[in-house]
Structure formats: C-alpha cells, structure tokens
Amino acid sequence: MSTTEGNQAYTEGDRAAIDRAGQADAFDAIGDRYDEAFPHKEGQLAAGAWLAGQLPAGSRVLDVGCGTGVPTARQLFEAGHRVTGIDISPGMLKLSRDNVPGAEFHRMDIADLENHDLGPFDGITAFFALLMLPRDEIPVALRMLHGQLNPGGVLALGMVEADVDDFAIPFLGNTIRVSGYLRDELRQVVRDAGFEIAGEESFTYAPASTDVPPEIQIFLHCRRS
Ligand SMILES: C[S@@+](CC[C@H](N)C(=O)[O-])C[C@H]1O[C@@H](n2cnc3c(N)ncnc32)[C@H](O)[C@@H]1O
25 MSTTEGNQAY TEGDRAAIDR AGQADAFDAI GDRYDEAFPH KEGQLAAGAW
75 LAGQLPAGSR VLDVGCGTGV PTARQLFEAG HRVTGIDISP GMLKLSRDNV
125 PGAEFHRMDI ADLENHDLGP FDGITAFFAL LMLPRDEIPV ALRMLHGQLN
175 PGGVLALGMV EADVDDFAIP FLGNTIRVSG YLRDELRQVV RDAGFEIAGE
225 ESFTYAPAST DVPPEIQIFL HCRRS
C-alpha cells in the first residue's frame, strides 16, 4: 500500500489490491444483532459528544462505517449537525436510514470516499470501522480522512487495542477480518497521518454476547493539524 502527495491517499494500485470478500456479507447477516451484542456504548457516546461539542451547530459530520446509525449518527444529528454516513453493508444502511431519517447515507467503501464529492467535512467519526481494514491500509485511510476535513476539523476514532493484521475472527455467527495496534503504535499512526491527539479514553468492554470476546476499546480525540 503506497501513498501519493496531496489529498489523494489511495492510488489506483492500492484500490485494485483491496479484498473485501465477505466483510459486507457478514454485516448484512449481523444486522441489528450488532447493537444487541454491544449494548453499552459509554465510550463511543463520550467520544461522539466530544466531537459534537467541538463544532458549531449545523456543521457537516461524516460517520465512517456507520453501522446501524445508532448511537453515533443519531447522536450527531440530535446535536444539530448535518450528518452523512457511509457503509459497505446494504443491510446496515437500511437500519441506519430507518434509525436516523434526518441524516443521509451512502453505500460506499471507505477506499472510494475520495472519489466522490461528499466532503469536505468539519468532523469525522470512525468507530470500529478502520479496524475492518488490513493494517497497511489504515494509515492510507487516515491520511485520506485527513484530506476530507476542513482546516481545524476534528476526528473521533474508536479502535480495539490488539496487535493483529487482517485476522479472521468469529463474530456473531459470521467471520470478519480485523486489524489493530497496541496503543503507542496507534497514536503514532494517527500522528503520522497529520492529526494532533487532543484526548484519549480507554474502556474494558465485555460484550453482551458470548460469541464476542471482551476487548479494550480506545477512543482518540484528534484534530487536523
Ligand atoms: C464494527 S461495525 C461498527 C459500526 C458503528 N460504527 C458503531 O460503532 O456502532 C463496522 C462497520 O463498518 C462497516 N465497514 C466494514 N468495512 C468497511 C469499508 N471498507 N468501508 C465502509 N464501511 C465498512 C461494516 O459494514 C460495519 O457496519
């Protein structure tokens, strides 16, 4: 995975090498069981509240990998922002449109975002979405998100602390591939993409489903520097 100068982060070569086999299908099958398995979202809500509070009402906010739209797209909309969500799963998008009719949603792979005219945005949330990418793509995606933000724009990032790369795990009766970093490396990857880290919170999270192992969630409050 390589990068180019300027705003374009993904090259044509990068895009051609991408393999998403099964990722959207898995989330189509999971549907609203996702929210049942992860009912307690204090960390995510706190990071969403931080971002919402950084921006004047009416700001444009992108929710990457929006899932069911709950809690984040709904929280941002209810805070008075203009919310756009993207996701690769048609099933998740159906739920998000039903859950947050006042926001707009697009079926889109994160890697295709820079080829559409959705931005620029004042804020971006990416909760447990970038961990769906192979590790060598995460810095590229972060740089691309940086390019989608207006100067001074903010990013709230949620990841699971784990030293894994494109690792297949069973998840609510399906198989998904996930990647992650230990926290020092995560901070470095985020800074290298051009963000300043303004805050950080971590939570030990035990999902309601025994089909999903406990995890440490890390939320970074980032500003485009
Ligand atoms: C773990 S869920 C998180 C959902 C939501 N952000 C939340 O925290 O409640 C990951 C979401 O990212 C979506 N996703 C996975 N790979 C993606 C990609 N390459 N581009 C856009 N969305 C993706 C999945 O369909 C799923 O809805």
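With the numbering used here as the guide, the letters of the sequence shown map in order to residues 25 to 249.
Ideal Cβ placement from N, Cα and C applies to all residues, glycine included.
Owing to the predicted nature of the structure, the values given are computational and were not obtained by experimental measurement.
Asked, Found
"Environment of L179 [buried if 16+ CB atoms lie within 10 Å]", "buried"
"heavy atom of ligand 1 below 7 Å from S113 C-beta", "yes"
"Cβ pair I134, A97 closer than 8 Å", "no"
"Terminal residues of the alpha helix (DSSP H) in which P163 lies", "162-172"
"Residues of its chain near D235, where Cβ-Cβ distance is below 6 Å and the 5 sequence neighbours each way are ignored", "L196"
"Proximity test, C246 beta-carbon vs ligand 1 heavy atom, cut-off 7 Å", "no"
"Exposure of T92, with buried meaning 16 or more beta-carbon neighbours within 10 Å", "buried"
"Nearest-angstrom Cβ-Cβ length linking T149 and V85, presumed shorter than 8 Å", "7 Å"
"Best match in N123, D216, T199, A186 for proximity to M168 [C-alpha to C-alpha]", "D216"
"Distance between A33 and T27 (C-alpha atoms, nearest Å)", "For T27, the predicted structure reports a pLDDT of 42, less than 50, and the residue's modelled location is therefore unreliable. The matter cannot be settled from this model."
"Assigned exposure category for T108 - 16 Cβ within 10 Å defines buried", "buried"
"Under the three-state DSSP convention, the category P114 falls into", "helix"
"Residue burial classification, Q212 (beta-carbon count within 10 angstroms, cutoff 16)", "exposed"
"Buried/exposed call for P95, threshold 16 Cβ in 10 Å", "buried"
"Assigned exposure category for E29 - 16 Cβ within 10 Å defines buried", "Here E29 scores only 43 on pLDDT, less than 50, and its place in the model should not be relied on; the value that follows carries that caveat. It counts as exposed."
"Check: A70 C-beta below 7 Å from any heavy atom of ligand 1", "no"
"Closest residue to F227 among A192, G182, H140, D187 (Cα-Cα distance)", "G182"
"Three-way DSSP call (helix, strand, coil) for G176 in this model", "strand"
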